[in-house]
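Numbered by my numbering, the letters in the sequence shown go through residues 3 to 153 in order.
Backbone N, C-alpha and C define an ideal beta-carbon position, used for all residues, glycine too.
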Amino acid sequence: MRGRYPATAALPGEQRFWVNTVTLDHVEAAVEGGFTQADHGARTRLARPQPGDEMVFYSPRTSLQGGRPVRQFTALATITGTEPFQAFVSDDFRPWRLAATFHPCTPVDAKPLVEELSFIPDATHWGLPFRRGLFTIPRDDFARIAAHMRA
3 MRGRYPATAA
13 LPGEQRFWVN
23 TVTLDHVEAA
33 VEGGFTQADH
43 GARTRLARPQ
53 PGDEMVFYSP
63 RTSLQGGRPV
73 RQFTALATIT
83 GTEPFQAFVS
93 DDFRPWRLAA
103 TFHPCTPVDA
113 KPLVEELSFI
123 PDATHWGLPF
133 RRGLFTIPRD
143 DFARIAAHMR
153 A
């Protein structure tokens with residue numbers, strides 16, 4: 003049965019599984035730098051993932067401004083940082099980031115997987131959940147996505 007959205011609460015020390023919606027150019031920078039970033043560099047939700055949590059990255063476009071559609075799961079990572087840290091990118095952009103270790107994988111198209119994923123409540127509007135940016139998903143959904151990316 004498909005739920006509207008999965009619960010985000012976890013017991014202390016309980017591993018959680020995340021989707022982070024990030025443009026492909028930012029995913030590539032994150033892989034190179036060993037970090038994740040969310041909500042255009044805001045700290046708020048980035049404080050929720052804990053060390054040992056697993057994260058899959060969904061890239062809707064190649065870049066934020068005028069990028070072409072991608073619509074793929076593009077990276078897999080394990081959270082290693084305990085607290086977000088602020089990075090200096092420019093005088094007017096100091097995003098918050100969280101350390102992560104990325105794993106070898108191959109990007110996969112998201113649309114063929116939507117019928118298999120319980121966090122997608124409506125397959126005809128499958129892109130809607132990704133608009134939330136950073137959110138938790140059930141372990142089984144993460145495992146399905148990761149299996150396709152590691153195949």
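- Query: Helix, strand or coil: how does DSSP classify T126 here?
  - Reply: helix
- Query: Can you give the Cα-Cα distance for A148 and T23, rounded to whole angstroms?
  - Reply: 16 Å
- C-beta atoms of T138 and A79 nearer than 8 Å: no
- Length of the line joining the Cα atoms of E118 and P109: 17 Å
- Message: Going by DSSP, what residue range makes up the alpha helix (DSSP H) through H1?
- Response: The structure shown does not extend to residue 1, since the chain spans only 3 to 153, so no value can be given for it.
- Leaving out five residues before and five after M151 in sequence, what residues of the same chain have Cβ atoms less than 8 Å from its Cβ? V58, F75, L78, C107, T108, P109, V110
- Query: Who does R63 pair with in a DSSP beta bridge?
  - Reply: P71
- Query: With distances taken from CA atoms, which of I122, P53, H42, R50 is nearest P140?
  - Reply: I122
- Query: Just the Cα atoms here: how many angstroms apart are W20 and F90?
  - Reply: 25 Å
- Close Cβ partners of E16 (< 6 Å) along its chain, the five nearest in sequence each way excluded: none
- Taking all protein chains shown into account, do 16 or more other C-beta atoms lie within 10 angstroms of the C-beta of T183, making it buried, or fewer, making it exposed? Absent from the structure is residue 183, since the part of the chain shown begins at 3 and ends at 153.
- Item | Range covered by the alpha helix (DSSP H) that runs through L26 | 26 to 35
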